[in-house]
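Novice:
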Amino acid sequence: SSETDIPFYAEAFGIREENVVPTGVPRTDVLFDEAYATQIKQEMEDELPIIKGKKVILFAPTFRGNGHGTAHYPFFKIDFERLARYCEKHNAVVLFKMHPFVKNRLNISREHRQYFIDVSDYREVNDILFVTDLLISDYSSLIYEYAVFKKPMIFYAFDLEDYITTRDFYEPYESFVPGKIVQSFDALMDALDTEDYEVEKVVPFLDKHFKYQDGRSSERLVKDLFRR
């Protein structure tokens, strides 16, 4: 995606840095397509009437566990009653998009269905980003795609120390992520209530990790392949 990320890809794939070519991310091309954006927004409002005229928050964390067999998410880390009160006050809805590996399902109570919807088995996540006003995530790579929209993110990293111990990162997490880091649900709600998102971090993050922001990465990739 950019020269900045070349060393990380070279290490991950065990190849020399000169063999890593930053042509852009083809997966993001559609995010720059204004006609597609208009179409998807209309389709999603038709399919999910709950989002129409609302502030849409996408809760999309990564899984916990050691892979496909043990993947889960600790839903007890979410105070659904408190989050519902926030939605009522701020005319918001929360879409929950869990990682495909996660086996335990989210159980949304009847009284909360006007505020929450599980979209884990719904459309490809990039489509959902078009209607998202705020992303709540943690260690998911989805933040790269969402940065294209230059909208706010909150990082609910309640287990940051454990995650660093077991998986770690290529760069220091605290200086890397493009948004507010919170490590408790109280802090998450405070950030939501005060709109303290540290959104000023998004554009520098985007510029650092996306050399090309034009929707033509697939074209560049194909041209580069045919030149070799």
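First residue of the sequence shown? That's 880 in the numbering used here, and the numbers climb one at a time after it. Every residue, glycine too, gets a C-beta built ideally from N, C-alpha and C. A quick note: this is a predicted structure, and the numbers were derived from the prediction, not measured.
1. Using only alpha-carbon positions, find the residue among K920, T907, I1015 and E967 that is nearest to M977.
2. CA-CA distance, E890 and P1083?
3. So what's D1000 in DSSP terms, helix, strand or just coil?
4. Is V1082 helix, strand or coil by DSSP?
5. Please report the straight-line C-alpha distance between R1002 and T917, rounded to a whole angstrom.
6. Do A971 and K934 have their C-beta atoms closer together than 7 Å?
7. The beta strand (DSSP E) with L962 in it runs from where to where?
8. For R943, which three-state DSSP category applies?
9. To the nearest angstrom, how far is it from the Cα of P1057 to the Cα of Y1025?
10. Can you find at least 3 beta carbon pairs, one from the segment 897 to 917 and one from the segment 1092 to 1104, that sit closer than 8 Å?
11. List the residues that DSSP assigns as beta-bridge partners of S1016.
12. With 16 as the cutoff for other CB atoms within 10 Å, does R943 come out buried or exposed?
13. Considering only their Cβ atoms, is the gap separating N983 from H947 smaller than 7 Å?
14. Indicate whether T949 and S1019 have their beta-carbon atoms separated by less than 7 Å.
15. Which runs of the alpha helix (DSSP H) spanning at least 4 residues fall entirely within the segment 1062 to 1106, listed in chain order?
16. When burial is assigned at 16 or more other CB atoms within 10 Å of the CB, is I930 buried or exposed?
17. With a Cβ-Cβ cutoff of 7 Å, do I919 and F1009 count as a contact?
18. From which residue to which residue does the alpha helix (DSSP H) around K920 run?
19. Where do the ends of the beta strand (DSSP E) carrying L910 lie?
20. Can you tell me whether K1029 is helix, strand or coil according to DSSP?
21. Given the structure, does M977 come close to the ligand ATP, in the sense that its CB is under 6 Å from one of the ligand's heavy atoms?
22. Would you call the CB atoms of A1066 and I1033 closer than 7 Å?
Specialist: In short:
1. I1015
2. 24 Å
3. coil
4. helix
5. 16 Å
6. yes
7. From DSSP, L962 is part of no beta strand (DSSP E) but of the alpha helix (DSSP H) over F959 to H969.
8. strand
9. 10 Å
10. yes
11. F1034
12. buried
13. no
14. no
15. 1064 to 1073, 1081 to 1088 and 1096 to 1106
16. buried
17. yes
18. E913 to E926
19. Unbroken run through L910: none, as it is neither H nor E.
20. coil
21. Of the ligands one can find in the structure shown there are none, so the ligand ATP has no counterpart to examine.
22. no
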